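Structure record follows, encoded as structure tokens.
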Amino acid sequence: MGSTSASNGERRLTAVEKLRSMLADPDKFIACPGVYDGFTARIALGEGVDCLYMTGAGTTMSRLGMADMGIATLNDMLTNASMIANIDPSIPLIADADTGYGSAIMVGRTVTQFIRAGVAGLHLEDQVVNKRCGHLKGKQLVDVQEYASRIRAAKLARDQSGGDIVIIARTDALQGFGYGEAIKRLKAAIAEGADVAFLEGVNTRDEAERACKELAPTPCLFNNVPGGVSPDFSVKDCKEIGYKLAIFPCLAFEMVYPAVRRAVRQLKETGNVDSFDGDGRRYGPKELFQVCGLDEMIAFDGQAGGTSYQNGA
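Using our numbering, read the sequence shown as starting at 87 and increasing by one per residue.
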């Protein structure tokens, strides 16, 4: 039910065009809440966000019930990204694409499939295929030539696809190989066609400011992972440092974990579950379904001449 055509006949911007427009706007900062399924995406969209981020860690935990240790495959990530991107095709989705899932040919396939799924941007990293979360220790990296080849393959696939996607180059070199090597890798990725630079695991504000300056005019992305190796930079901090966008991958699952744990404990201990919003309310199925488009679906059914919901739901 989404469309790129306005009612007056003027074509609306596609999601990737919107993302590129925001990246080009000198006054715009892009803050992307991390979502991992359709429900958390719907909640964020209902709050009027202008960009979403599909977390790889959240996807792995929610779809597979396993930690982010290189377990998720292209199909796992693509299926989730496609579903989220198409809930509202007018809102850009940036998705984690890990290492690209193999050789240059696989990276090309990954990028092509993400483009066809409606994803507006993806990031590719320089870890080995059996990767792990960027805020864990012991990461292993491919050499800079192979990393550059991944970005080259991504751009080639984009050029040949007839579509578009924002390519974000991520390096995990900072932790084990130092700042100089990390910047070298990002500059190599930019030379191969990366649109955005993503230095994972920055340690200090000074380091972040230095990276943004050295990589300019390429826009830089900050990864806000509370409890990880990086400082907890706010949107205000990121703007002052020189970042153009920030992702908050833990936003949804960090909040869900204590809430669900608390509810389960209450059920075990008291036989019931209390309200969590402070005003004594509980949320019934209809209100929760409305978050996920119930009213719009009923309206669509009526417009199409359906009678299933003429007496409401």
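Using N, Cα and C, we set each Cβ at its ideal position, and we do this for glycine too. A quick note: this is a predicted structure, and the numbers were derived from the prediction, not measured.
If you count every other CB in all the chains shown that lies within 10 Å of the CB of residue i, and 16 or more means buried, which is it?
i           : result
residue 392 : exposed
residue 278 : buried
residue 178 : buried
residue 371 : exposed
residue 205 : buried
residue 99  : exposed
residue 196 : buried
residue 353 : exposed
residue 236 : buried
residue 286 : buried
residue 288 : buried
Can you check which of these residues, the options, is closest to residue i by C-alpha distance?
i           : options            : result
residue 375 : 244, 97, 103, 129  : 129
residue 190 : 381, 269, 227, 234 : 234
residue 201 : 101, 324, 145      : 101
residue 157 : 147, 396, 290, 165 : 147
residue 183 : 172, 267, 161      : 161
residue 373 : 230, 399, 394, 360 : 399
residue 335 : 99, 117, 107, 301  : 117
residue 145 : 251, 125, 397, 295 : 125
residue 106 : 168, 324, 281, 173 : 281
residue 266 : 293, 247, 252      : 293
residue 324 : 109, 340, 313, 306 : 306
residue 186 : 208, 331, 203      : 208
residue 123 : 167, 153, 97       : 167
residue 181 : 273, 271, 142      : 142
residue 380 : 110, 245, 132      : 132
residue 194 : 377, 350, 253      : 253
List the DSSP bridge partners of residue i.
i           : result
residue 396 : Its beta-bridge partners do not exist; DSSP assigns none.
residue 123 : Per DSSP, none; premise fails for residue 123.
residue 279 : Paired residues: none, contrary to the question.
residue 284 : 256, 307
residue 118 : 333
residue 140 : 121, 181
residue 227 : 213
Rounded to whole angstroms, how far is the Cβ of residue i from the Cβ of residue j, which I believe are closer than 8 Å?
i           : j           : result
residue 213 : residue 258 : 5 Å
residue 276 : residue 283 : 6 Å
residue 203 : residue 239 : Not confirmed; about 18 Å, so no contact.
residue 338 : residue 321 : Contact flag wrong, Cβ pair sits at about 17 Å.
residue 230 : residue 256 : 14 Å between Cβ atoms; not a contact.
residue 109 : residue 330 : 6 Å
How about residue i: is its Cβ closer than 7 Å to a heavy atom in the ligand ADP?
i           : result
residue 367 : Only the bare structure without any ligand can be found here, which leaves the ligand ADP out of the picture.
Next on the checklist: If we require 3 or more residues per run, which beta strand (DSSP E) segments fall completely within the stretch 294–368?
Outcome noted: 306–309, 331–334
Checklist entry - In chain order, which alpha helix (DSSP H) runs of at least 4 residues are fully inside the stretch 152–218? => result 160–171, 190–202
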